[in-house]
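Asker:
Residue numbers (mature numbering (1 follows the signal peptide of the UniProt record, and there is no 0)): -21 to -1, 1 to 245.
1. Between the alpha carbons of residue 128 and residue 172, how many angstroms are there, rounded?
2. Label residue 226 either buried or exposed according to how many other C-beta atoms from any shown protein chain fall within 10 Å of its C-beta, with 16 as the threshold for buried.
3. Determine the DSSP secondary structure at residue 89, reduced to helix, strand or coil.
4. Buried or exposed: residue 48, going by 16 or more other Cβ atoms within 10 Å of its Cβ?
5. Could you check what DSSP says for residue 243 in three-state terms: helix, strand or coil?
6. Report yes if the CB atom of residue 246 is closer than 8 Å to the CB atom of residue 103, and no otherwise.
7. Out of curiosity, what's the CA-to-CA distance linking residue 229 and residue 202?
8. When burial is assigned at 16 or more other CB atoms within 10 Å of the CB, is residue 234 buried or exposed?
9. Should residue 215 and residue 81 be called a contact, given that it needs their Cβ atoms to be closer than 8 Å?
10. List the residues that DSSP assigns as beta-bridge partners of residue 218.
11. Check residue 174 in the structure and name its three-state DSSP category.
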């Protein structure tokens, strides 16, 4: 007769079995496949050693920034808070939408959109440059470093040399219809954000967007997004967190965006 196995050893084996890769009734998978899915891990009683299945992935925190390219407070938030948080956080923690328009106004004249900006024609040009840059680059990680470079420099409109349009005479100002978005270039700037941070982008396409109907249509879309805010924006920067704006979220985002995202990302 074979020697009897003490019950205490059987109990110990049952406790240690998941960690040892021992298959249970209903588990037809070898140890190296028992963490392939949550269902298999449950069947094999292997959840405790399947770190990749410990919990469902958290949804990213969604941040929408409604701003103006020359607004000092907007530039400060984008450069000091948003860019820093984006650099330090994993990609899956934060999803950002940028809408450069702010307190601008638009008017349709003979089927074409014209814009008047709080800080003048140069801000309208800066808004247009950044909007067209986003349109051409598509990928946030491609265009955001360029926008950071523009906003952290001495001149938003002159640090992206490739999109400076050639000088031309502005159209006359008639009533409340603003001057078209033109701004003469000066000598090449000491740093050229597009060439440094996204040399793969076609500067000529950005130029065409800024000077053409595509840019105007994109800016009109920014106007619609801004006008649709609920509650309506009262100042810029205007920050939405997961689609919501409150005074508390705004204050916390401006004080420590990284801390806010870390608190919400669970």
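A virtual CB, placed ideally from N, CA and C, is assigned to each residue, including glycine.
Computed from a predicted structure; not experimentally measured.
Answerer: Concretely, from the data shown:
1. The C-alpha of residue 128 lies about 6 Å from the C-alpha of residue 172.
2. It is exposed - the Cβ of residue 226 has fewer than 16 other Cβ atoms within 10 Å.
3. Coil, per DSSP.
4. Buried.
5. Of the three classes helix, strand and coil, the one that applies to residue 243 here is helix, per DSSP.
6. With the chain represented from -21 up to 245, any question about residue 246 goes unanswered, as that position is not in the structure.
7. Computed Cα separation, rounded: 21 Å.
8. By the Cβ neighbour-count rule, residue 234 is exposed, with fewer than 16 other Cβ atoms within 10 Å of its own.
9. Between residue 215 and residue 81, the CB-CB gap stays under 8 Å.
10. Paired residues: 44.
11. Helix at residue 174.
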